[in-house]
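Reviewing the structure listed below.
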Amino acid sequence: MLKFVACHAMSWGSGMRRMILLAVIFILIITATYAKESDQDETTFNDFTLNIGDRIDVGDYRTELIEIQSLKDGLAVMRVSKVGGALDEQRAFLQNSANDFNGGAEGDGITLTVTDILDDQSAKVRVEYKESLGTAKKRTSERASRAPDAPILSVQKSFDKNQIGVGDEVKVTVTVKNIGTGQATNIQAEDLPPLPEFSYIAGYPPKIKETLNPGESDSAVYVINAVKEGSIRVPAIQVSYTDSKKNLKSNNSEPFNILINPKDKAELVFSLRPSGPIIVDGTGSLNISLFNQGKAPATRVEVEGEIRPSEGLEAAGLDKSYFEILPGTDENYSVQLSGKKAGNYTVTLRADYQGGDGAAVQEGMTEVVVLEREYKYLYLLLIIPVLIIVAWSYKRYREYKY
Amino acid sequence: MLNVLMLGVGQCGNRIMDAVNKEAFGGGATSKLSKYCLKPKFPSRVETLAINTAINDLKELRFTTAKDRLHVPNLHGVGANRNVGKQAFMDNRDMIMGEIEKRGDFDLAFVITSTSGGTGSSFSPLLINELKRQYRNITVITVAVLPFREEGSIYLQNAAFSMRELMDLEADGIILADNQYMKRFSGDIASAYDKINSMIAQRLLFLIESLDSEMLSVTDLGDFKTVMNGGLRIGTLGFYQADRKNTSIRDAIENSLKPGNLLYPSNITDDAARAMIIVQGSREYLDTDEITKEVEKLSACAGHVFKGIVVKKGYPKVLSVFALAAAPELESIYAQAARAMQDEKEKRGRARKQLDDAFAHIEDLEEIY
Numbered sequence: 034m035l036k037f038v039a040c041h042a043m044s045w046g047s048g049m050r051r052m053i054l055l056a057v058i059f060i061l062i063i064t065a066t067y068a069k070e071s072d073q074d075e076t077t078f079n080d081f082t083l084n085i086g087d088r089i090d091v092g093d094y095r096t097e098l099i100e101i102q103s104l105k106d107g108l109a110v111m112r113v114s115k116v117g118g119a120l121d122e123q124r125a126f127l128q129n130s131a132n133d134f135n136g137g138a139e140g141d142g143i144t145l146t147v148t149d150i151l152d153d154q155s156a157k158v159r160v161e162y163k164e165s166l167g168t169a170k171k172r173t174s175e176r177a178s179r180a181p182d183a184p185i186l187s188v189q190k191s192f193d194k195n196q197i198g199v200g201d202e203v204k205v206t207v208t209v210k211n212i213g214t215g216q217a218t219n220i221q222a223e224d225l226p227p228l229p230e231f232s233y234i235a236g237y238p239p240k241i242k243e244t245l246n247p248g249e250s251d252s253a254v255y256v257i258n259a260v261k262e263g264s265i266r267v268p269a270i271q272v273s274y275t276d277s278k279k280n281l282k283s284n285n286s287e288p289f290n291i292l293i294n295p296k297d298k299a300e301l302v303f304s305l306r307p308s309g310p311i312i313v314d315g316t317g318s319l320n321i322s323l324f325n326q327g328k329a330p331a332t333r334v335e336v337e338g339e340i341r342p343s344e345g346l347e348a349a350g351l352d353k354s355y356f357e358i359l360p361g362t363d364e365n366y367s368v369q370l371s372g373k374k375a376g377n378y379t380v381t382l383r384a385d386y387q388g389g390d391g392a393a394v395q396e397g398m399t400e401v402v403v404l405e406r407e408y409k410y411l412y413l414l415l416i417i418p419v420l421i422i423v424a425w426s427y428k429r430y431r432e433y434k435y
Numbered sequence: 580m581l582n583v584l585m586l587g588v589g590q591c592g593n594r595i596m597d598a599v600n601k602e603a604f605g606g607g608a609t610s611k612l613s614k615y616c617l618k619p620k621f622p623s624r625v626e627t628l629a630i631n632t633a634i635n636d637l638k639e640l641r642f643t644t645a646k647d648r649l650h651v652p653n654l655h656g657v658g659a660n661r662n663v664g665k666q667a668f669m670d671n672r673d674m675i676m677g678e679i680e681k682r683g684d685f686d687l688a689f690v691i692t693s694t695s696g697g698t699g700s701s702f703s704p705l706l707i708n709e710l711k712r713q714y715r716n717i718t719v720i721t722v723a724v725l726p727f728r729e730e731g732s733i734y735l736q737n738a739a740f741s742m743r744e745l746m747d748l749e750a751d752g753i754i755l756a757d758n759q760y761m762k763r764f765s766g767d768i769a770s771a772y773d774k775i776n777s778m779i780a781q782r783l784l785f786l787i788e789s790l791d792s793e794m795l796s797v798t799d800l801g802d803f804k805t806v807m808n809g810g811l812r813i814g815t816l817g818f819y820q821a822d823r824k825n826t827s828i829r830d831a832i833e834n835s836l837k838p839g840n841l842l843y844p845s846n847i848t849d850d851a852a853r854a855m856i857i858v859q860g861s862r863e864y865l866d867t868d869e870i871t872k873e874v875e876k877l878s879a880c881a882g883h884v885f886k887g888i889v890v891k892k893g894y895p896k897v898l899s900v901f902a903l904a905a906a907p908e909l910e911s912i913y914a915q916a917a918r919a920m921q922d923e924k925e926k927r928g929r930a931r932k933q934l935d936d937a938f939a940h941i942e943d944l945e946e947i948y
């Protein structure tokens, strides 16, 4: 501004130069006065991110972040002092709430505001002051930051089996361990049930100690039963707790996938092998094999046989009982068949058994043919008597022939 | 059980014996088929043997087994010559008796023969002698058939001499059957022979059956032998079978005594010496009182009458056996035979004289060539 005034004064005349000079002087005087008045009233501010122990120096004022008292409540403790001992005050700052010291920035003091609490170790602080106090500067604490007493809970949820089948009981183990440095209190575990694939048997919900000291752990076990096959995602267990400063914290386990296989079942298969067609009044055999091709043993096997039509074919020993047929094994037996009347007959065998998934029924059937007696040599009945008669007659003829 | 031997000797004897075998097969037309499928049914153990010198006569038999036919070898009949026949028998006696011996022991033997033929009339007396000699206790009955009177002089001659020889034997009796008498049953000779043979066979089997049966009133072989030893030891058989029109036992007995039902013509009232009446039938027909009355009536004229009653299902059958005290018909036969022999002798004399006269024409001549 001064340069601008000088330039105008030189280009114009001397009279004018005086006028201009006076005006410039006037302006200069006005400007200086204004400038002096302006330096005394200007308020400025700066934002700083402070860790615990860091300090902001502005003028004679010293501002230090003592601790983050509560993240939840937005409380941080700061100490404000003034060189010379005129001010030395430690105060809890509510987040976004301005705190004036020595009249604040509008006066001769400063105004401090915790604009954000970043974590339990740091916070963002705004300082407002008069420019006359100079420029606010951050002083990093040369002290090593003391590790706070912070609890950290690790959460783990696991199944005792990798292979699960429908109907299997599974023990679910929930383990919570305090791997932090502070005591965790008010521990609460929230485990979402993986329904509907499981049903609960015992131990649910899991109970974890409410307090765990550093390095201490606790486990809870509950038993569930797989009821439905399929691939499911087991949800995480969430644990909430508070530290010594009543800060509410939480952690959760990793969700994982698990496959529930179909339940092992016994599967009996009949194999019926008749010896072939039976002639009326003749006999044949029926070889019966009962094979368990399932993965579970079949127990209490009751085999009952039925022949349709019910008359004309007789069988002895169709019904059988077996206590157990192991997977991959078979039971064999043979039945003698007696044909009484020609025709086609259906032999049906029905096996009732317990197959690992409740009662099961398996049927097998085969066709048995009873043929009419083949009178292959029936003509002999005619020929033989004729021959006998002829022979007898010839014998008689020879007896009487003279 | 009676052991019976039936010997059919000569053509007539063979055929009667064949008729006996036929009756054993049931008789009638069915016997021809029965022969091939049934065994002969005799009431007792009956062995039969047909003996003949003519093989063609043996071949004609139909109901006699081959083993029961005995051919006397090297002969084709004896030509009605009894002398040849006798010589043939003597030449083959051992063979003939050997065949009989093979058939075992017997209680009763029937020798069935014609009195007029060559083989039968010549063999039978000798055969009966041999039987009586070889089987001491055997009862031998001769069934002798008299010829048709018109059959010729040789047959009559044979009948006469044969009958005399038979009468002289120690046989237990002769049952006579007269072809001449019975030929009235049929129109032609062939069917008459068959009818006569069948009648004789039927009566002989009835007699055997009756003698071997359990009777209500008993007659046996001894009684029969006694009857046959009565009178001339010549007897005959009468037979009658009642039918449903008349089942009266009294009528049946009376009918069996009538001349028309006898094998030999005789008058029972006058000629019978002894008799045996055998009655067979269902019990309801066998009125014992009536049988007894008839037997008593017969006894009044015949002397002694044996009575046998056999209960067997059927209408009454009556067999009457008579021993004759007189046989007038035999005398007639002998008279005819004598005339025939005389005629034959005269014919032969005349023929000889004619021949000698003829030869006299060349008596002093020589053959000239």
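Here the protein sequences line up with chains A and B, keeping their order.
Using the working numbering, the letters of the first sequence map in sequence onto residues 34 to 435.
Using the working numbering, the letters of the second sequence map in sequence onto residues 580 to 948.
All C-beta atoms in this analysis are idealised placements derived from N, C-alpha and C, irrespective of residue type, glycine included.
Annotation for A/Gln387: the continuous beta strand (DSSP E) segment containing it runs Gly376 to Gln387. The Cβ atoms of A/Leu346 and A/Val403 sit closer than 8 Å to each other.
Residue pairing of A/Val113 in beta bridges, as defined by DSSP: A/Thr96 and A/Glu122. In the structure shown, the three-state DSSP call for B/Phe764 is helix. Within the region 184-246 of chain A, the beta strand (DSSP E) runs of at least 3 residues that lie entirely inside it are, in chain order, 186-192, 202-211, 218-224 and 231-235. Per DSSP, the unbroken beta strand (DSSP E) holding A/Val254 starts and ends at Ser250 to Ala259. Counted as a single uninterrupted DSSP element, the alpha helix (DSSP H) harbouring B/Thr848 occupies residues Ile847 to Asp850. Looking from the CA of A/Leu166, the closest CA among A/Val116, A/Asn132, A/Phe126 and A/Ser174 belongs to A/Val116. Shortest Cα-Cα distance from B/Leu710 to any of B/Ala917, B/Lys926, B/Met920 and B/Val583 involves B/Val583. Following the DSSP letters along the chain, one finds B/Met580 in no alpha helix (DSSP H), marked with neither H nor E. From the listed residues B/Ile675, B/Ser701 and B/Ser770, the smallest Cα separation to B/Gln713 is found for B/Ile675.
Pairing A/Ser264 with A/Asn290 gives a Cβ-Cβ distance under 8 Å. CA-to-CA, the gap between B/Ala667 and B/Ala771 works out to about 30 Å. Taking 9 Å as the Cβ-Cβ cut-off, the region 592-624 of chain B approaches chain A at Lys614, Tyr615 and Cys616, given in chain order.
In the three-state scheme derived from DSSP, where H, G and I count as helix and E and B as strand, B/Ala608 is classed as coil. With contacts defined by Cβ atoms closer than 8 Å, B/Phe818 and B/Ser835 form a contacting pair.
With respect to A/Ala349, A/Val334 sits apart: the two C-beta atoms are not nearer than 8 Å.
Here A/Phe356 is exposed, its C-beta having fewer than 16 other C-beta atoms within 10 Å. Segment contact: the region 200-216 of chain A against the region 259-275 of chain A, three or more CB-CB distances shorter than 8 Å; contact assigned. When C-alpha distances from B/Ala904 are compared across B/Val890, B/Pro895, B/Ala852 and B/Ala881, the shortest belongs to B/Ala852. At a cut-off of 8 Å between C-beta atoms, A/Tyr410 does not count as an interface residue with respect to chain B.
Judged by beta-carbon spacing, B/Ala633 lies beyond the 8 Å limit of B/Ile912, meaning their Cβ atoms are not closer than that value. As a beta-bridge residue in DSSP terms, B/His650 pairs with B/Asn631. Beta-bridge pairing by DSSP links B/Phe689 to B/Met585 and B/Ile720. For A/Lys353, there are no neighbours in chain B by C-beta distance under 7 Å, as the nearest C-beta there is about 59 Å away. For the region 799-839 of chain B, the full-length alpha helix (DSSP H) segments reaching 4 residues or more read 800-807 and 828-836 along the chain. Taking a cut-off of 8 Å for Cβ pairs, the region 715-734 of chain B and the region 749-761 of chain B touch, as three or more such pairs fall below it.
Listed in chain order, the non-local C-beta contacts of B/Glu788 below 7 Å within the same chain comprise Pro622, local neighbours out to five positions each way being set aside. Around the beta-carbon of B/Met761, 16 or more other beta-carbon atoms lie within 10 Å, marking it buried.
Taking 8 Å as the upper bound for CB-CB distance, A/Tyr433 and B/Lys620 are not in contact here, some 16 Å apart.
Chain-order list of chain A residues neighbouring B/Lys638: Tyr435, by C-beta distance under 7 Å. Per DSSP, the beta-bridge partners of A/Thr146 are A/Ala131 and A/Arg159. The beta strand (DSSP E) runs of length 3 or more contained entirely in the region 260-286 of chain A are, from start to end of the chain, 263-267, 270-275 and 281-285. Going by DSSP, B/Ser878 is part of the alpha helix (DSSP H) stretching over Thr867 to Ala881. For B/Ile912, the enclosing alpha helix (DSSP H) starts and ends at Pro907 to Ala939.
Not a single C-beta of chain B is nearer than 8 Å to the C-beta of A/Ser343.
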